[in-house]
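If you're matching positions, the sequence shown starts at 1 in UniProt numbering and goes up one per residue.
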Amino acid sequence: MNAVRDAKSGLAGSELASPGSAGAVNASGVTRREALVATAMAALGASVAASSVAAGGASAAPRPRPNILVFVSEDCGAQHLGCYGGVAHTPTIDRFARTGIRWENAFSAAPVCAPSRYAMITGVVPERSAPANHMRASGTLAPELDGSGWTRMLREAGYYCTNNAKEDYKAAGLDIGATWDESSITAHWRHRPAGAPFYAVFNPTMTHESCMALATPTAELDGKVATPYLEQLSGIHAVTTTPIVGGPTTAADVHIPPYYPDTPTTRSDAALYANQINQMDSEFAYRLRELDESGLAEDTIVLYFSDHGGVLPRSKRFCHDGGLHIPLVARFGRRVAHLAPARPGSVLDEPVCVGTALAPTVLGLVGLPVPEWMDGEAFAGPEAQEDDYAFAMRNRMDERYDFVRTVRDKRFRYIRNYMPDVPDGQHVQFAYL
């Protein structure tokens, strides 16, 4: 964590530029520290009660090791979701946020897939040990990981770890077999040995930028979620049996930011994207329903976030909030609620870099030590610390090379572009297909 702390001290006095959005508001009316104090006091009360029971001759039942289910949507900026003020119909995520905990200032480690997902599987910032690039450029794996992702620590502790199914880490030498028990389009926590706790990741791709050209029109879906194009390439049938809940969003419904021209094409693209988000929300409902029907929901922590921001111009690939501001919502089952950082329904406003924070958060939640070399700070669990800044980067994008670094606090974003003659980056042939 020292590298990031050094960077924080070096940038703390830098000139900041406003990202154009108001500061985060805690809907529950409490600060992060107040929420942590309240949670700690509640846990202390529960501990005292348990001690009293034990003193009377009864022994408290041991708390279960939490299962952890992670749902990572693709290319999905926070500002488009209903619970973040967007127009996309996201009834499942909105309800999940009302009964869980939502982070207002969550950000990705990079505004594009590979470096962002590299941070998720390593626990280190992508520019520290590579790959700081995107697509077809595998970088060197952090030597501390010894050839695998940090999930191997979970596996060695008895967790069954699954990834369904996107990898895209672009890390040379990463042993997928050592990283996951299963990593495929059929990987599922249901395949675990009897009684084993699980860490299961689902990566639906229907909000990927490819959907803007290749999505099945909403009118042709007959109320069912379309299988994303990236999964169709793997031989999955074109329409699933998952019902769509809510929607559709029309061109008249969308809000056009001032940096977009308000044209019919802009509106139709924004509506298409919103409807893909609606399909993703319905897929999330399906995964939650699977968990509920298994009887394991009360023993499970569910995390929802995105790999980075959205697909419209000035979003994906760009180090603006449009490319980096992502949703982050968590729900703690009743039997693992003592691990929650705040009460259900809370909105926390500290900056979180989800990519680097994921590993220390999960390790702390399951009771494993967090290696000192990891760069992030846990946002929940016994290792949780309120962070002041969220860092991100951009290097090569597709066929062009750029060099951008950025840091965000609760109010402002500072962007350092090392190629100031191209403030919006070099032209990328394959963007916005």
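Built from N, CA and C at the ideal position, the CB exists for glycine as well.
Straight-line gap, residue i to residue j (C-alpha atoms, nearest Å)
i       : j       : result
Cys-319 : Thr-151 : 28 Å
Leu-44  : Ala-88  : With a pLDDT of 35 at Leu-44, under the threshold of 50, the predicted position of this residue should be treated as unreliable, though the coordinate-derived value follows. Cα to Cα, Leu-44 sits roughly 41 Å from Ala-88.
Arg-95  : Ala-251 : 25 Å
Phe-198 : Gly-173 : 25 Å
Gly-158 : Pro-261 : 53 Å
Phe-107 : Asp-398 : 22 Å
Ser-346 : Tyr-118 : 29 Å
Pro-414 : Ala-213 : Before going further, note that residue 414 is Tyr rather than Pro in the sequence given. So the two alpha carbons sit approximately 33 Å from each other.
Glu-182 : Leu-291 : 18 Å
Phe-332 : Glu-298 : 8 Å
Pro-360 : Val-354 : 10 Å
Asn-275 : Gly-323 : 19 Å
Val-336 : Leu-81  : 27 Å
Ile-185 : Asn-164 : 5 Å
Pro-420 : Ala-270 : 29 Å
Phe-202 : Val-428 : 29 Å
Asp-383 : Asn-133 : In the sequence on display, residue 383 carries Glu and not Asp. Approximately 30 Å, taken between the alpha carbons.
Tyr-418 : Gly-425 : 10 Å
Thr-99  : Gly-195 : 27 Å
Thr-265 : Phe-284 : 29 Å
Ala-110 : Ser-306 : 11 Å
Gly-381 : Thr-356 : 15 Å
Pro-248 : Ser-116 : 30 Å
Arg-267 : Leu-358 : 35 Å
Asp-253 : Gly-86  : 10 Å
Arg-334 : Val-422 : 51 Å
Cys-161 : Arg-408 : 32 Å
Gly-149 : Ala-97  : 29 Å
Ala-142 : Phe-412 : 31 Å
Pro-204 : Val-362 : 21 Å
Glu-209 : Pro-62  : 46 Å
Gly-364 : Ser-282 : 30 Å
Glu-156 : Thr-263 : 55 Å
Ala-200 : Leu-296 : 13 Å
Distance CB(residue i)-CB(residue j) smaller than 8 Å
i           : j       : result
Pro-66      : Leu-303 : no
Met-280     : Val-124 : no
Ile-121     : Thr-179 : yes
Cys-113     : Asp-168 : yes
Gly-310     : Cys-76  : yes
His-308     : Lys-316 : yes
Glu-377     : Gln-385 : yes
Ser-294     : Thr-207 : no
Arg-287     : Phe-71  : yes
Arg-314     : Tyr-389 : no
Val-329     : Ile-176 : no
Leu-348     : Glu-104 : yes
Glu-350     : Asp-387 : yes
Ile-101     : Pro-344 : yes
Lys-166     : Gly-139 : no
Glu-144     : Met-393 : no
Thr-406     : Arg-416 : yes
residue 499 : Met-153 : The first residue shown for the chain is 1 and the last is 433, placing residue 499 beyond what the model contains.
Phe-379     : Val-352 : yes
Pro-327     : Ala-78  : yes
Ile-277     : Thr-90  : yes
Identified DSSP bridge partners for residue i
i       : result
Ser-210 : DSSP output for Ser-210 lists no bridge partner at all.
Glu-182 : Thr-162
Ala-78  : Per DSSP, none; premise fails for Ala-78.
Val-302 : Leu-69 and Arg-331
Asn-275 : Beta-bridge pairing links Asn-275 to no other residue.
Val-422 : None; Val-422 has no bridge partner.
Arg-408 : Ala-390 and Arg-413
Asn-396 : Per the sequence shown, the amino acid found at residue 396 is Arg instead of Asn. In the DSSP output, where bridge partners are listed per residue, Arg-396 has Tyr-401.
Tyr-199 : Ile-68 and Cys-161
Ala-172 : Thr-140
His-325 : Phe-107
Interface flag, residue i vs chain C, CB-CB below 8 Å
i       : result
Ala-378 : No chain C appears in the structure shown, which is made up of a single protein chain.
- Query: Along the chain, which unbroken stretches of the alpha helix (DSSP H) at least 4 residues long are found entirely within the region 335 to 394?
  - Reply: If only complete runs of 4 or more residues are kept, the region 335 to 394 shows the alpha helix (DSSP H) at 354 to 365, in order along the chain.
- Message: Quick check: the region 183 to 195 against the region 399 to 415, are at least 3 beta-carbon pairs closer than 8 Å?
- Response: No contact exists between the region 399 to 415 and the region 183 to 195.
- Item | Length-filtered (4 minimum) alpha helix (DSSP H) runs lying within the region 85 to 169 | With a minimum length of 4 residues, the continuous alpha helix (DSSP H) runs that stay inside the region 85 to 169 are 91 to 99, 113 to 122, 126 to 129 and 151 to 156.
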